[in-house]
Amino acid sequence: MEAKVSFHVRRYLRECEDRGVRPSEATVTAHLRDTYAEYQRKPQGALKRVVAKVLKKAQPSLVSAEDGASSATDAAKRARAESEEEDERQVLALEQQRAPLASNSLNNAIRQNYAASNEAAASASTSGKPAIKKAKLRKRSKELAADADADTAADGDESRGFVVERPTTRYSDFGGIHAVLQEVRELIEYPLTHPEVYAHLGVEPPRGVLLHGPPGTGKSMLAHAIAGECGATFLKISAPEVVSGMSGESEQKLRALFDEAVARAPSIVFIDEIDAITPKRETSQRGMEKRIVAQLLTSTDALSLENTGGKPVLLIGATNRPDALD
34 MEAKVSFHVR RYLRECEDRG VRPSEATVTA HLRDTYAEYQ RKPQGALKRV VAKVLKKAQP
94 SLVSAEDGAS SATDAAKRAR AESEEEDERQ VLALEQQRAP LASNSLNNAI RQNYAASNEA
154 AASASTSGKP AIKKAKLRKR SKELAADADA DTAADGDESR GFVVERPTTR YSDFGGIHAV
214 LQEVRELIEY PLTHPEVYAH LGVEPPRGVL LHGPPGTGKS MLAHAIAGEC GATFLKISAP
274 EVVSGMSGES EQKLRALFDE AVARAPSIVF IDEIDAITPK RETSQRGMEK RIVAQLLTST
334 DALSLENTGG KPVLLIGATN RPDALD
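In terms of this note's numbering, the sequence shown is residues 34 to 359.
Structure (structure tokens):
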């Protein structure tokens, strides 16, 4: 701080000399604090001591200059200019010394660590064992990438509201429903496993089946068993999950569900509690419910073998209120 204060004090003294004024220590201190904001943050006592020290060195030269002859004016100006240059050099050197070096040291440390890691990798690549490790790492990375893709696909299906799975339930898990299973085979299993028979006969196979009964009778479990016996992809969604507050989003969910079913054919689309989205349109009070019913009918009509590439897609609905359906 002393070098910078000396520079500013000498400059102020030269200005006062040109005006014929000789300032006191208090005047110089007040001038520094008023002119330069950095001195306002310094303790006043410490600043006064530095100013007094600088004045002791500077004022004798000023007195001798006042008592000297006029012929020495040019020499004094030259000395003054040299003094200014010297003060500026001192201030500049002081600021450069105080510049933080942390960033440079951090960069150097990073470079050294990077160089060390490169050397270690180069030395390891010369042996045979690291090659085996690299092969294992590549294999492991491929497995992780495949798992990540599968997780992403599953997350995407869940984000759209439905779940895609391969059920393991079978007909042998049921008992006492032989008549029902026979109807299931005729209406659902045969169209899924032998669609070529219907195409040869020119008969349109069923596109949708409704399972109805009191709660707890195994409607959802039976739908899983049908998919498990046929080996078909099972796309499951609960009807309340289809309903959305945004206009058109419910219909979009249904379209996405059926598009996925066609892409994964042969497949089964299972909508649980289907009565929540298919009320009777003549008694419905909301336009959204009518649009959902219309979209469901349109998507079901598009499940013909011609539209699905000869691979069957079947819709199964489950409800305990068949009288409430459209």
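Ideal placement from N, C-alpha and C gives every residue a C-beta, glycine not left out.
Could you please give me the residues that DSSP links to residue i through a beta bridge?
{"i": "Val230", "result": "None, per the DSSP bridge assignment."}
{"i": "Gly53", "result": "For Gly53, which the question treats as bridged, DSSP gives no partner whatsoever."}
{"i": "Leu358", "result": "Pro312"}
{"i": "Lys269", "result": "Val196, Phe303"}
{"i": "Gly241", "result": "Leu348"}
Give me the Cα-Cα distance between residue i and residue j, rounded to the nearest whole angstrom.
{"i": "Lys269", "j": "Leu234", "result": "31 Å"}
{"i": "Ala298", "j": "Thr333", "result": "14 Å"}
{"i": "His64", "j": "Lys89", "result": "18 Å"}
{"i": "Ala265", "j": "Pro345", "result": "10 Å"}
{"i": "Val213", "j": "Ser253", "result": "14 Å"}
{"i": "Ala294", "j": "Val236", "result": "22 Å"}
{"i": "Tyr45", "j": "Asn146", "result": "52 Å"}
{"i": "Val61", "j": "Val38", "result": "10 Å"}
{"i": "Gln328", "j": "Leu287", "result": "7 Å"}
{"i": "Glu282", "j": "Phe207", "result": "38 Å"}
{"i": "Glu222", "j": "Tyr204", "result": "12 Å"}
{"i": "Val83", "j": "Asp51", "result": "23 Å"}
{"i": "Glu58", "j": "Arg122", "result": "25 Å"}
{"i": "Pro355", "j": "Gly251", "result": "16 Å"}
{"i": "Thr341", "j": "Val197", "result": "18 Å"}
{"i": "Ala79", "j": "Ala70", "result": "16 Å"}
{"i": "Lys81", "j": "Thr68", "result": "15 Å"}
{"i": "His211", "j": "Ser280", "result": "44 Å"}
{"i": "Leu338", "j": "Arg218", "result": "19 Å"}
{"i": "Met321", "j": "Ala232", "result": "37 Å"}
{"i": "Pro228", "j": "Leu244", "result": "22 Å"}
{"i": "Val230", "j": "Thr202", "result": "26 Å"}
{"i": "Ala149", "j": "Asn141", "result": "12 Å"}
{"i": "Gly343", "j": "Ser300", "result": "12 Å"}
{"i": "Asp292", "j": "Thr226", "result": "20 Å"}
{"i": "Ile304", "j": "Gly209", "result": "25 Å"}
Take residue i and list the residues in its own chain whose beta-carbon comes closer than 6 Å to its own, dropping the five residues that flank it on each side.
{"i": "Ala309", "result": "Ala272, Pro273"}
{"i": "Pro200", "result": "His257, Ala260, Gly261, Phe267"}
{"i": "Leu336", "result": "Arg240, Val346"}
{"i": "Val276", "result": "Ser283"}
{"i": "Arg66", "result": "Tyr72, Gln73"}
{"i": "Ala357", "result": "Asp308"}
{"i": "Asp359", "result": "Thr311, Lys313, Arg314, Val326"}
{"i": "Cys263", "result": "Glu222, Leu225, Thr226"}
Let me know if residue i comes out buried or exposed under the rule of 16 or more other beta-carbons within 10 Å of its beta-carbon.
{"i": "Ile325", "result": "buried"}
{"i": "Gln73", "result": "exposed"}
{"i": "Leu347", "result": "buried"}
{"i": "Ala296", "result": "exposed"}
{"i": "Pro248", "result": "exposed"}
{"i": "Gly350", "result": "buried"}
{"i": "Asn256", "result": "One detail in the question is off: residue 256 reads as Ala in this sequence, not Asn. Buried is the call here."}
{"i": "Ala260", "result": "buried"}
{"i": "Ile143", "result": "exposed"}
{"i": "Pro76", "result": "exposed"}
{"i": "His41", "result": "buried"}
{"i": "Glu284", "result": "buried"}
{"i": "Leu330", "result": "exposed"}
{"i": "Thr311", "result": "buried"}
{"i": "Pro224", "result": "buried"}
{"i": "Arg55", "result": "exposed"}
{"i": "Arg319", "result": "exposed"}
{"i": "Glu48", "result": "exposed"}
Only counting the same chain, and skipping five residues up and downstream in sequence, which positions put a Cβ closer than 7 Å to that of residue i?
{"i": "Leu290", "result": "Phe195, Leu268, Ile270, Val302"}
{"i": "Glu315", "result": "none"}
{"i": "Leu220", "result": "Pro239, Val242"}
{"i": "Glu216", "result": "none"}
Excluding the five sequence neighbours on either side, which residues of its own chain have a C-beta within less than 8 Å of the C-beta of residue i, listed in chain order?
{"i": "Glu306", "result": "Ser271, Ala272, Pro273, Ala351, Thr352"}
{"i": "Gly53", "result": "none"}
{"i": "Gly246", "result": "Lys252, Asn353"}
Comparing the CB of residue i with every heavy atom of the ligand ATP, is any distance shorter than 8 Å?
{"i": "Thr60", "result": "The ligand ATP is not part of the structure shown, which contains no ligands of any sort."}
For this session: Could I get the ranges of all uninterrupted alpha helix (DSSP H) runs contained in the region 56-87, with 4 residues as the minimum, in chain order?
Result: 58-68, 70-73
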